[in-house]
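Below is one structure, written out as structure tokens; comments come after it.
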Amino acid sequence: MPAQNNDHIFPLQGSRLTLVPVEARDIDCVAAFFGDVTELYYYLPDVLLPRNRHQLDAMMKDWNDGVNNFAFACRLDDQTIGLVTLADLDPFSGNAELGIMLASASFRKKGYAREAIGLILDYAFGELRLHRLFVRVAPENHASTRLFESFGFQKEGRIRDAMRRGDGYVDLLLYGLLEDEYRQAKQNDAVFCSNGNQSCMDKD
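Pasting the structure below:
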């Protein structure tokens with residue numbers, strides 16, 4: 030069963046990023062993201078997106094209810110550049126869904142997503158003692174599939190017509206990572222960007 034009440038370990042500190050539980054100050058970052066239709070194309074799985082600040086605040090409360098859903102701000106030099114989420118956490122089975130978003134394309138291909146995922150994996154499998162994390166990814170989102178596969182996530186299947194897009198439906202790919210697979214990947218520090226080396230900074 031996952032450990033509880035681990036807020037004392039925050040912030041989670043990487044070589045460049047700091048992860049902290051999301052606060053009101055981080056909402057502006059999210060508002061800009063959800064206001065950009067281009068950025069939303071790959072965003073999953075939410076279909077009903079917030080249209081105003083009140084709806085956005087309500088969505089953030091759902092994402093960060095402190096019981097089964099947790100949201101963390103990714104900060105670079107005190108600037109919020111994205112969010113990482115653990116959703117639908119099942120404390121009995123030790124399962125949760127992992128999600129990540131970066132606020133704009135300017136933060137991509139610099140290793141920030143990789144660093145943030147490495148930090149949250151350490152937290153999820155370390156402090157929370159989870160057994161399994163899973164992600165859902167659009168099949169055409171090759172950058173994300175490569176990123177998660179590099180951490181040891183295994184493709185578990187395809188969820189047919191899982192999300193509505195426009196007048197039709199699209200499939201999602203399901204990837205999962207078990208605790209022992211995480212431990213094996215963790216042996217390769219380069220994957221987790223723990224040292225902030227240049228090869229990591231050039232990746233997604």
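Position one of the sequence shown corresponds to residue 30 (the working numbering), numbered consecutively onward. Note that CB positions come from ideal geometry on N, CA and C, so glycine has one too. Just so you know, these numbers come straight off a predicted model, no measurement behind them.
Around the beta carbon of residue 146, a 10 Å sphere encloses 16 or more other beta carbons of the protein chains shown; the residue is thus reported as buried. In this structure, 217 is the residue among 157, 166, 170, 217 with its C-alpha nearest to the C-alpha of residue 179.
Annotated as proximal: residue 112 and residue 51, with beta-carbon spacing under 8 Å. By a beta-carbon distance limit of 8 Å, residue 63 does not contact residue 48. Their separation comes to about 20 Å. Distance from the CA atom of residue 110 to the CA atom of residue 209, rounded to whole angstroms, is 30 Å. Here residue 212 has 154 as same chain residues with Cβ atoms under 8 Å from its own Cβ, once five neighbours each way along the sequence are excluded.
For the 8 Å CB-CB criterion, residue 99 and residue 115 form a contact. Distances from the alpha-carbon of residue 140 to those of 53, 203, 175, 191 put 175 closest. Taken through DSSP and simplified to helix, strand or coil, residue 150 comes out as helix.
DSSP lists 103, 131 as the bridge partner or partners of residue 111.
The C-beta separation of residue 93 from residue 118 comes to about 12 Å, leaving the pair out of contact by the 8 Å criterion. Of all alpha-carbon atoms in 126, 201, 162, 144, the one lying nearest the alpha-carbon of residue 41 is that of 144.
Residue range 56-63 is occupied by the alpha helix (DSSP H) that includes residue 62. Residue 201 and residue 65 have their C-alpha atoms some 22 Å from each other. The criterion of a C-beta distance shorter than 8 Å is not satisfied by residue 46 and residue 82. Burial state of residue 55 is buried, judged by a 10 Å Cβ sphere holding 16 or more other Cβ atoms.
For residue 175, the uninterrupted alpha helix (DSSP H) run begins and ends at 171-179, by DSSP. In the three-state reduction of the DSSP assignment, residue 159 falls in the coil class. With fewer than 16 other beta carbons inside 10 angstroms of its own, residue 197 counts as exposed. Secondary structure note for residue 167: it is in no beta strand (DSSP E), with a DSSP letter that is neither H nor E.
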